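Here the structure comes first, spelled out in structure tokens, and everything after it is commentary.
Residue numbers (mature numbering (1 follows the signal peptide of the UniProt record, and there is no 0)): -23 to -1, 1 to 283.
Laid out in structure tokens, this is it:
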């Protein structure tokens, strides 16, 4: 029997090559990271969520992290309704553990800004009443009771203070702001550490029950608003996860069965349906099984005929 001609071999190679190699996420996108629900504009990896948020929010070892130029910070809660999240910097002080803290910062280009957190600057050079930024007083003297409360925690000794130290070494920095570098510069304010209160948990005088963390707000851009209003809600309602396909960053709805579409996942279980009508992009690891069987049948028919 003669060897199959070269055109037929090329045909088989072409047949078994994915129609569209997609760098979109497919089944790599997840709806949770650890115990947190992950929804648009956030994603669990490259190609998931919004490309505007992906460089900053990622899922690593089942922890949702916010990464900025000053470090990576665990995200402990997200309110998609209020467009806020809470991070817990690892070197932030709490009632149970106080420590020297590096600067905390946000990238100016990022879609994040400080939310309604209350910062307590700790172990500062007294008196903090003289602490100013650009000539304006920083500390809120009307909230000095918060300093007295947190200074009742035994862990203050870790900051080089004795028990129940004078409150003029503490500053209630609210509303807080970052400097021109986008940072809370503790060294410039001559303070050693800080605590950030996200909620008093109905116990304003009991620092052991406060919720510690930095509340951040995030803002959607026109890109995100367009896809949320026109495509992402439909995708999520169909059981898919919203993502994007580099390099054009066009919208992708990642479905649970491993296929990616440009619309929704309702009919995506049927790979025989027309690719263009359904907006299907086959992932690089999946092929429509009917095309494989068609190729095998064509090859068998040719060999028998030869």
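Backbone N, C-alpha and C define an ideal beta-carbon position, used for all residues, glycine too.
Since this is a predicted model, take the numbers as computed values, not measurements.
Keeping to the same chain, check which residues put their C-beta closer than 6 Å to that of residue 215; ignore five residues upstream and five downstream.
-> Translated into positions along the chain shown, residue 215 becomes position 238. Cβ neighbours of residue 215 beyond the five flanking positions: 241, 242 and 243.
Give a yes or no on whether the C-beta atoms belonging to residue 142 and residue 133 are separated by under 8 Å.
-> Reading the chain shown from its first residue, position 165 is the one you call residue 142. Reading the chain shown from its first residue, position 156 is the one you call residue 133. Closer than 8 Å, so yes.
How would you write the range of the beta strand (DSSP E) that residue 148 sits in, first residue to last?
-> Translated into the one-based positions of the chain shown, residue 148 becomes position 171. Element bounds for residue 148: 148 to 150.
Please state whether DSSP places residue 89 in a helix, a strand or coil.
-> Locating residue 89 in the chain shown gives position 112, counting from the first residue. Residue 89: strand per DSSP, three-state reduction.
Between the CA atoms of residue 228 and residue 291 - distance to the nearest angstrom = This structure does not reach residue 291, given that the chain is present from -23 up to 283, and the question cannot be answered.
Contact under 8 Å by Cβ, residue 62 with residue 193 | Your numbering for residue 62 matches position 85 in the chain shown. Your numbering for residue 193 matches position 216 in the chain shown. For residue 62 and residue 193, yes; Cβs fall inside 8 Å.
Give me the Cα-Cα distance between residue 44 and residue 18, rounded to the nearest whole angstrom.
-> Translated into positions along the chain shown, residue 44 becomes position 67. Translated into positions along the chain shown, residue 18 becomes position 41. Looking at the two C-alpha atoms, the distance is approximately 16 Å.
How would you call residue 31, buried or exposed, if buried means at least 16 neighbouring beta carbons within 10 angstroms?
-> To locate residue 31, count along the chain shown from 1; it is residue 54. Result: buried.
Range covered by the alpha helix (DSSP H) that runs through residue 204 | For the purposes of this step, residue 204 is taken as the residue at position 227 of the chain shown. First-last of the alpha helix (DSSP H) with residue 204: 199 to 204.
As assigned by DSSP and simplified to three states, the class of residue 51 = The residue you call residue 51 lines up with position 74 of the chain shown. Correct three-state label for residue 51: strand.
Just how far apart, CA to CA, sit residue 152 and residue 201?
-> Taking the chain shown and counting its residues from 1, one reaches residue 152 at position 175. Taking the chain shown and counting its residues from 1, one reaches residue 201 at position 224. Each residue's Cα considered, the two are about 29 Å apart.
In this structure, does DSSP put residue 125 in helix, strand or coil?
-> Taking the first residue of the chain shown as position 1, residue 125 is located at position 148. Three-state DSSP puts residue 125 in a helix.
Smallest Cα separation from residue 299: which of 176, 96, 88 and 53?
-> Residue 299 falls outside the range modelled here, since the chain spans only -23 to 283, and no answer is possible.
Can you tell which of 158, 196, 135 and 46 has the C-alpha that lies nearest to the C-alpha of residue 73?
-> Counting from 1 along the chain shown, the entry for residue 73 is found at position 96. Measuring from the Cα of residue 73, the nearest candidate turns out to be 135.
Pick helix, strand or coil for residue 40, following the three-state DSSP scheme.
-> Against the chain shown, residue 40 aligns to sequence position 63. Strand, per DSSP.
Since residue 191 contacts residue 64 with CB under 8 Å, what's their CB separation in whole angstroms?
-> On the chain shown, residue 191 is found 214 positions in, with the first residue counted as 1. On the chain shown, residue 64 is found 87 positions in, with the first residue counted as 1. Between residue 64 and residue 191 the Cβ distance is about 5 Å, and since that is below 8 Å, they are a contact.
Rounded C-beta distance between residue 28 and residue 221? I'm assuming under 8 Å.
-> Residue mapping note: residue 28 aligns to position 51 of the chain shown, counting from 1. Residue mapping note: residue 221 aligns to position 244 of the chain shown, counting from 1. Sure, about 5 Å apart at Cβ, within 8 Å.
Rank 237, 155, 164 and 8 by C-alpha distance to the C-alpha of residue 92 and give the top, closest one.
-> One-based indexing of the chain shown puts residue 92 at position 115. When only C-alpha atoms are compared, the closest one is 155.
Tell me whether residue 137 counts as near the ligand GTP, meaning its Cβ is closer than 7 Å to at least one heavy atom of that ligand.
-> This structure does not include the ligand GTP; it has no bound ligands of any sort.
Integer Cβ distance of residue 223 from residue 24, believed to fall under 8 Å | Here the question's residue 223 lines up with position 246 in the chain shown. Here the question's residue 24 lines up with position 47 in the chain shown. About 7 Å; that satisfies the 8 Å criterion.
Same chain, Cβ closer than 8 Å to residue 233, neighbours up to 5 away in sequence not counted | Numbered from 1 along the chain shown, position 256 holds the residue referred to as residue 233. So the list reads 4, 216, 217 and 242, once near-sequence residues are dropped.
Confirm, please, whether the CB-CB distance from residue 78 to residue 138 is below 8 Å.
-> As a first step, residue 138 must be located in the chain shown, where it is residue number 161. As a first step, residue 78 must be located in the chain shown, where it is residue number 101. Going by C-beta atoms, residue 138 is not nearer than 8 Å to residue 78.
From 47, 70 and 86, pick the residue whose C-alpha is nearest to that of residue 284; which is it?
-> It is not possible to answer for residue 284, since the shown part of the chain is limited to -23 through 283.
Residue 182 to residue 113 span [Cα, whole Å] | By 1-based counting over the chain shown, the position of residue 182 is 205. By 1-based counting over the chain shown, the position of residue 113 is 136. Their Cα atoms are separated by approximately 28 Å.
Would you kindly report the start and end of the unbroken alpha helix (DSSP H) that includes residue 211?
-> For this step, residue 211 is matched to residue 234 along the chain shown. Counting along the chain, the alpha helix (DSSP H) containing residue 211 begins and ends at 210 to 214.
With distances taken from CA atoms, which of 58, 105 and 48 is nearest residue 319?
-> Not covered by the structure: residue 319. The range shown for the chain is -23 to 283.
In chain order, what residues of the same chain lie with their CB nearer than 7 Å to the CB of residue 116, ignoring the 5 residues before and after it?
-> Walking along the chain shown from the start, residue 116 turns up at place 139. The residues are 105, 106, 108, 148, 149 and 150.
Under the three-state reduction of DSSP, which class applies to residue 5: helix, strand or coil?
-> Translated into the one-based positions of the chain shown, residue 5 becomes position 28. Reduced to three states, the DSSP call for residue 5 is helix.
By Cβ distance below 8 Å, which residues in the same chain neighbour residue 12 in space, the five residues on each side in sequence not counted?
-> The count along the chain shown starts at 1 and reaches residue 12 at position 35. Closer than 8 Å at the Cβ level, and outside the excluded window around residue 12, lies no residue.
Among the residues of its own chain, which have a CB less than 6 Å from the CB of residue 205, if the five just before and after it don't count?
-> Numbered from its first residue, the chain shown carries residue 205 at position 228. There are no such residues.
Give the DSSP-derived three-state secondary structure of residue 234 in the structure shown.
-> Here residue 234 corresponds to residue number 257 of the chain shown, with the count starting at 1. Note: residue 234 maps to coil in three-state DSSP.
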